[in-house]
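Peer 1: Under the working numbering, the first residue of the sequence shown carries the number 6, and numbering increases by one thereafter.
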Amino acid sequence: MHGEIITVCGIQLDCNGGNESTLKNAEKYIAEAFKYNSDIDLIVLPEQFVKPQDGSLKYNKYNESFFVNWLKSVAKNYKVNVIGGSFAQFSSDYVSDNGKNEAEKPTNICYVINRNGEIVGNYEKIHLFDAFNVKESDEFSSGDRLGIFSLDIGKVGVWICYDTRFPEISRALSLRGADLFCVPAAFYKPNSDQWEIILKSSSIMNVTPVVGVNQIGDRPDGKGVFGRSMAIDAKGIIIGGISDKEGYFVTQIDKSYTNTCRQVNPELKNRRIDLYRKWL
């Protein structure tokens with residue numbers, strides 16, 4: 006971070022070729038991004054970009070540690086903060102023969118790692134995708150904690166994919182001082198326009214920049230994910246992104262510009278909590 010400038014990088018991945026392929030591609034794009042700009046402060050990865058049940062891997066602490074250690078090594082090797090997408094994590098070590106703990110469901114968890122390769126914290130997806138003929142709650146348990154994390158670039162608020170449709174999340178993070186929102190996602194086709202609109206709305210309503218990173222490609226279940234990862238400034242304007250292919254984007258977020266936007270339009274200050282409490 007140079008002064009008030011945060012250099013962010015989104016890594017857009019096709020996550021359907023298996024973990025080995027996905028991680029190899031992620032490493033390639035991260036390396037390319039740093040060749041393009043060696044001053045990157047923050048990397049954001051997509052939701053469920055690795056799958057512990059892939060092939061011979063099963064849900065268990067060993068594999069969870071493998072993925073977390075991979076994130077930590079990226080952060081430490083490149084001296085960069087990492088919003089680690091997400092993957093499925095059980096709270097216990099037991100797994101059945103089919104790789105799933107029949108007594109519990111995993112959470113959809115995102116780890117946040119600082120430049121030293123240290124875990125700052127994690128966020129577990131709160132709103133499970135029980136919509137559009139999908140029932141994510143059959144496979145996952147929901148979290149119950151807000152994702153707000155202190156990094157050397159400021160306070161970063163994190164939510165995952167379907168959480169985006171619930172403005173209470175972004176508002177709660179904003180009230181807790183978030184300087185930037187990061188959104189790992191696996192947003193399905195054909196909702197690409199909704200994805201952009203909701204991310205922009207989160208920015209505009211909270212006068213806060215947003216980095217949304219989506220998967221790309223056609224999943225084995227027939228559902229496609231459309232990419233369109235993007236960064237949006239505090240006025241809701243797209244300032245960087247990538248469309249419909251694997252790869253990365255790098256852009257800069259100016260914290261002083263965000264502060265200016267908040268002074269000109271003090272939305273949090275202008276709220277009418279006295280009335281909201283009567284209505285809700």
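From the three backbone atoms N, C-alpha and C, an ideal C-beta is built for every residue, glycine too.
Can you list, in chain order, the residues of its chain whose CB lies under 7 Å from that of residue 5, leaving out five sequence neighbours each side?
Peer 2: For the chain, the structure presents residues 6 to 285; residue 5 sits outside this window and is missing.
Peer 1: Look at the alpha carbon of residue 121 and the alpha carbon of residue 218, and state the distance between them as a whole number of angstroms.
Peer 2: Near 23 Å, if we compare the C-alpha coordinates of residue 218 and residue 121.
Peer 1: Find the nearest neighbour of residue 19 within the set 39, 45, 51, judged by alpha-carbon distance.
Peer 2: Among 39, 45, 51, the Cα nearest to that of residue 19 belongs to 51.
Peer 1: For a test of the three-state rule: what should DSSP assign to residue 231, helix, strand or coil?
Peer 2: Of the three classes helix, strand and coil, the one that applies to residue 231 here is strand, per DSSP.
Peer 1: Pairing CB atoms from the segment 193 to 207 with CB atoms from the segment 141 to 153, are three or more of them under 8 Å?
Peer 2: Judged by Cβ distances under 8 Å, the segment 193 to 207 makes no contact with the segment 141 to 153, as fewer than three pairs qualify.
Peer 1: For residue 80, does the count of other Cβ atoms within 10 angstroms reach 16, so buried, or fall short, so exposed?
Peer 2: By the 10 Å Cβ count, residue 80 comes out buried.
Peer 1: From the DSSP output, which residues share a beta bridge with residue 218?
Peer 2: 189, per the DSSP bridge assignment.
Peer 1: Can you tell me whether residue 179 is helix, strand or coil according to DSSP?
Peer 2: Three-state DSSP puts residue 179 in a helix.
Peer 1: Is residue 47 near residue 158, with beta carbons less than 8 Å apart?
Peer 2: A contact, by the Cβ cut-off of 8 Å.
Peer 1: Mapping the DSSP letters down to three states, classify residue 19 as helix, strand or coil.
Peer 2: Three-state result, residue 19: coil.
Peer 1: Reducing DSSP to helix, strand and coil, say where residue 260 ends up.
Peer 2: Residue 260: helix per DSSP, three-state reduction.
Peer 1: Determine the contact status of residue 212 and residue 270, defining contact as a CB-CB distance below 8 Å.
Peer 2: Cβ atoms of residue 212 and residue 270: closer than 8 Å.
Peer 1: Using 8 Å for Cβ pairs, my map puts residue 249 next to residue 221. What's the rounded Cβ distance?
Peer 2: Yes, residue 249 and residue 221 are in contact; Cβ-Cβ is about 7 Å, under 8 Å.
Peer 1: Assign residue 4 to one of two classes, buried (16 or more other C-beta atoms within 10 Å of its C-beta) or exposed (fewer than that).
Peer 2: For residue 4 there is no data in the structure shown, the boundaries of the chain being 6 and 285.
Peer 1: So, with DSSP's three-state summary, where would you put residue 112?
Peer 2: Note: residue 112 maps to strand in three-state DSSP.
Peer 1: Look at the alpha carbon of residue 137 and the alpha carbon of residue 171, and state the distance between them as a whole number of angstroms.
Peer 2: Computed Cα separation, rounded: 16 Å.
Peer 1: What does DSSP give as the partner residues of residue 13 in its beta bridges?
Peer 2: Answer is 47, 256.
Peer 1: For residue 73, which residues from the same chain have a beta carbon less than 6 Å from its beta carbon, with the 5 sequence-adjacent residues on both sides left out?
Peer 2: So the qualifying residues of the chain are 116.
Peer 1: Suppose you measure from the CA of residue 11 to the CA of residue 281; what does that come to, to the nearest Å?
Peer 2: Going from the Cα of residue 11 to the Cα of residue 281 covers about 35 Å.
Peer 1: Would you give the residue range spanned by the alpha helix (DSSP H) that residue 151 belongs to?
Peer 2: Segment: none, residue 151 is in no alpha helix (DSSP H) and carries neither H nor E.
Peer 1: So for residue 77, helix, strand or coil by DSSP?
Peer 2: Looking at residue 77 - three-state DSSP - the assignment turns out to be helix.
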